[in-house]
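Going by full-length UniProt numbering, the sequence shown wraps up at 519, each residue one higher than the last.
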Amino acid sequence: MAAGNHGMESLIPIINRMQDAFTQLGVPMVIDLPQIAVVGGQSAGKSSVLENFVGRDFLPRGSGIVTRRPLILQLINAPNEYGEFLHCKGKKFMDFGAIMKEIEDETDRMTGSNKGISNLPINLRVYSPHVLNITLIDLPGLTKIPVGDQPHDIDQQIREMIMTYIQKDTCLILAVTPANIDIATSDALMVAKYADPDVLNITLIDLPGLTKIAIGDQPVDIEAQIKDMIMQFICKETCLILAVTPANTDLATSDALNLAKSVDPDGLRTIGVLTKLDLMDDGTDAREVLENKFLPLRRGYVGVINRSQKDIEGKKDIKAAMAAERKFFLSHPSYRNMADRLGSPYLQKVLNQQLTNHIRETLPSLRDRLQKQYLSLEKEVEQYKYFRPDDPAIKTKAMLQSIQQLQQDFERSIEGSGSAAVNTLELSGGAKINRLFHERFPYEIVRMEFDEKELRREIAFAIRNIHGIRVGLFTPDMAFEAIVTKQIARLKEPSIKCVDLVVQELTNVIRMVSEKVLE
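Now the structure itself:
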């Protein structure tokens, strides 16, 4: 890291503390903090990319969706190596196997053990002399088919989760894409385009991988749920998107690139990562992509080689894997002349530099937003210095606020915009009134008895009585009006009944919103 960036790099821990504060409070970030979100499809190699940064095995692995909650991973350069979780305040995890177990347990505590997902992030800090200062958000992998008890819209939920992060201008997108797929169809890029190596200080948000199939008791819409979760991060302009895509699949179908493209159509916040370059078919390579000539991104692509499942099961350590990665790039005819710009160590340096530069770019607007919010809160706190429960002005203000809240809740209930707690058991409010008008009232009219013979007889009598002793040539309007007036009068009873039912429902709505205000 260049000395000139030292001041900016020192801001990364400050941003980390702000992220921790929002997580502890259990409230959404009202300020978009500069960050990097990692997106990619299932088996794109996101976990291996992150573990290469740390040089340790610490992320859960397995089939299906493994990352089921966003993981805010804060890498901090320090003399000693250990991990800390925000939810385990003060506890140091010296064993990285224990870190993996804690991620699994904390995920299950919130989502259950059968592949459900949650938007609530897990905050993990890893201190090590082998890392650069970076913060990343690891998001769930994009999926298509729900398994188990996953909801049927799991794909949509995952996409929306991702979009909440990468749509923000302050978020850089790291799009991980396999090199052996058509990059034009990469989900990672499409999502981004639509928002003894030392490890530097980096913070990453590890989000669930995009999955297609629900397993276990996952809801059938698990794909939609994961998308929703990812979108919460990548939709922010302050979020960089790390789009991870395997090189041995069609890049045009990459989940990570497609999702990134949806929030970052010009590729300004997206960093492409190509994994599995060593698994591409003979005679093919990803040189054009790595040279940023195909599906170009402003921040470019970096290729990496991860450990295979066989390597992991054979206990091949990450140092040996990185040495093999270096050897592969130096010996490959297509990559040897760009080997210094490939590999996990280079990716770490790129992310550290990109995040530092990104903070520099967004710092002025971030400072303005913080200052405005600080002044607003300071003004509000100042008012409480003179707070007296018996002050008539305070009582009047509280009453007006309650009335305004009641009005807003009443309008939402009738108009149908409603709150997040949607009633799934019965109709209420505007929906019930709609049914009264369009189902109950027509039914009451249809069930009215109608005697056609009697009506014809009444029409004949009306016409003859109006003509008197004369023989009429045309049907008089007065006869029509007399008959229609009599028929309309028959609608009075069902109409009044409908009005009474609507008034009753409005009364129920007022009672419901009043109870809410009183709470």
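Every residue, glycine too, gets a C-beta built ideally from N, C-alpha and C.
For Gln35, there is no enclosing alpha helix (DSSP H); the residue is found in the beta strand (DSSP E) stretching over Gln35 to Gly40.
Burial of Val289 is indicated by the presence of at least 16 other C-beta atoms within 10 angstroms of its C-beta. When the Cα atoms are used, Ile483 and His438 turn out to be separated by approximately 26 Å.
Taking a cut-off of 8 Å for Cβ pairs, the stretch 372 to 388 and the stretch 312 to 329 do not touch, as fewer than three such pairs fall below it.
DSSP places Glu361 within a helical segment (H, G or I) once states are collapsed to three. In its chain, beyond the 5 residues on either side, Ser402, Gln405 and Leu406 have a beta carbon closer than 6 Å to the beta carbon of Val517. Remark: C-beta atoms of Arg307 and Ser48 approach each other more closely than 8 Å. With respect to the 8 Å criterion, Lys276 and Ala320 are not classified as neighbours on the basis of their beta carbons.
Classified as exposed, Arg367 has fewer than 16 neighbouring CB atoms from the shown chains inside 10 Å of its CB. Three or more beta-carbon pairs drawn from the stretch 123 to 139 and the stretch 78 to 86 are found closer than 8 Å, and the two stretches are therefore classed as touching. Two segments are said to touch when three or more pairs of C-beta atoms, one from each, lie closer than 8 Å; by this definition the stretch 425 to 444 does not touch the stretch 452 to 462. As the crow flies, the alpha-carbon of Val446 is around 27 Å from that of Ile463. Annotation: the continuous beta strand (DSSP E) that includes Pro246 extends over Thr238 to Pro246. Rounded to whole angstroms, the separation of the alpha carbons of Ser514 and Met399 is 13 Å. Between the alpha carbons of Ala260 and Met231 lies a gap of roughly 9 Å. Counting along the chain, the unbroken alpha helix (DSSP H) around Leu50 starts and ends at Lys46 to Val54. Going by beta carbons, Ile234 and Ile226 fall outside the 8 Å limit. The C-alpha of Gln354 lies about 31 Å from the C-alpha of Lys91. Residue nearest to Arg341 within the set Pro494, Thr362, Glu361 and Arg299 is Arg299 (criterion: CA-CA distance).
About 17 Å separates the Cβ atoms of Ser254 and Arg287, ruling out a contact at the 8 Å cut-off. For Gly272, the enclosing beta strand (DSSP E) stretches over residues Thr270 to Thr275. Counting other Cβ atoms within 10 Å of its Cβ, Tyr384 stays below 16 and is therefore classed as exposed.
If you ignore the 5 residues before and after Asn123, its C-beta comes within less than 6 Å of the C-beta of Asp20, Thr23, Ile72 and Leu86, all in its own chain and listed in chain order. Pairing Asp228 with Arg68, the inter-Cα distance amounts to about 12 Å. Taking the C-beta atoms as reference points, Asn52 is found no nearer than 8 Å to Ile271. For Thr396, there is no enclosing beta strand (DSSP E); the enclosing alpha helix (DSSP H) covers residues Pro392 to Glu415. In the three-state reduction of the DSSP assignment, Ser128 falls in the strand class, which pools E and B. Going by DSSP, Glu84 is part of the beta strand (DSSP E) stretching over Tyr82 to Phe85.
Secondary-structure assignment with DSSP links Thr249 through no beta bridge to anything. With a cutoff of 8 Å on beta-carbon distance, Ala256 and Val39 are scored as near each other.
If you compare the alpha carbons of Leu506, Thr485 and Phe441 with that of Ser495, the shortest gap goes to Phe441. Across the structure, Val381 and Ala243 are spaced so that their CA atoms are roughly 43 Å apart.
For Gln74, the enclosing beta strand (DSSP E) covers residues Leu71 to Asn77. Thr238 places its beta carbon less than 8 Å from that of Gln35.
By a beta-carbon distance limit of 8 Å, Leu132 does not contact Gln309. Their separation comes to about 27 Å. Short of 6 Å from the beta carbon of Phe58, and not among the five residues preceding or following it, lie these beta carbons of its own chain, in chain order: Phe96, Ile99 and Met100.
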